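Visitor: Final position of the sequence shown in our numbering is 84; the numbers increase by one with none missing.
C-beta atoms are modelled at their ideal positions from N, C-alpha and C, and glycine is treated no differently.
Quick caveat: nothing in here was measured; it's all calculated off a predicted structure.
Here it is: the structure, laid out below.
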Amino acid sequence: MSERQIITISDDKLSCEATAILLRMLNFPDTDYHTAEELCPFFENDSLKTIRNALNELYNAGYLRRSGKTYMVNKVRITQMKLA
Numbered sequence: 001m002s003e004r005q006i007i008t009i010s011d012d013k014l015s016c017e018a019t020a021i022l023l024r025m026l027n028f029p030d031t032d033y034h035t036a037e038e039l040c041p042f043f044e045n046d047s048l049k050t051i052r053n054a055l056n057e058l059y060n061a062g063y064l065r066r067s068g069k070t071y072m073v074n075k076v077r078i079t080q081m082k083l084a
């Protein structure tokens, strides 16, 4: 069985919250698209408002796409990221 590779992000313009959410969405296939409410259990120490702000930050930076309230990873941007 091959070792799973992790996608890393080197974008110093992103907040810590946005980086954590993006890493979660990129590296766990079951969370590559979600609403802010669905992501809350993964980030119990953060408020729904914090998660929404981070998702909007990622959307505005082009890392996520949005359909209604659901955010999904922008697969085109993945090719610009590094595997660790």
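Which residues bound the alpha helix (DSSP H) around residue 59?
Guide: Segment 48-60, the alpha helix (DSSP H) holding residue 59.
Visitor: Could you give the residue range of the alpha helix (DSSP H) that holds residue 39?
Guide: First-last of the alpha helix (DSSP H) with residue 39: 36-39.
Visitor: Are there 16 or more other CB atoms within 10 angstroms of the CB of residue 72, so buried, or fewer, so exposed?
Guide: So residue 72 ends up on the exposed side.
Visitor: If you reduce the DSSP assignment to three classes, tell me which class residue 14 lands in.
Guide: In this structure, residue 14 counts as coil in the three-state DSSP scheme.
Visitor: State the Cα-Cα distance for the pair residue 33 and residue 40, rounded to the nearest angstrom.
Guide: Taking the straight line from one Cα to the other gives about 13 Å.
Visitor: Can you tell me the Cα-Cα spacing of residue 101 and residue 15, whole angstroms?
Guide: A query on residue 101 cannot be resolved here, the shown segment of the chain reaching from 1 to 84 and no further.
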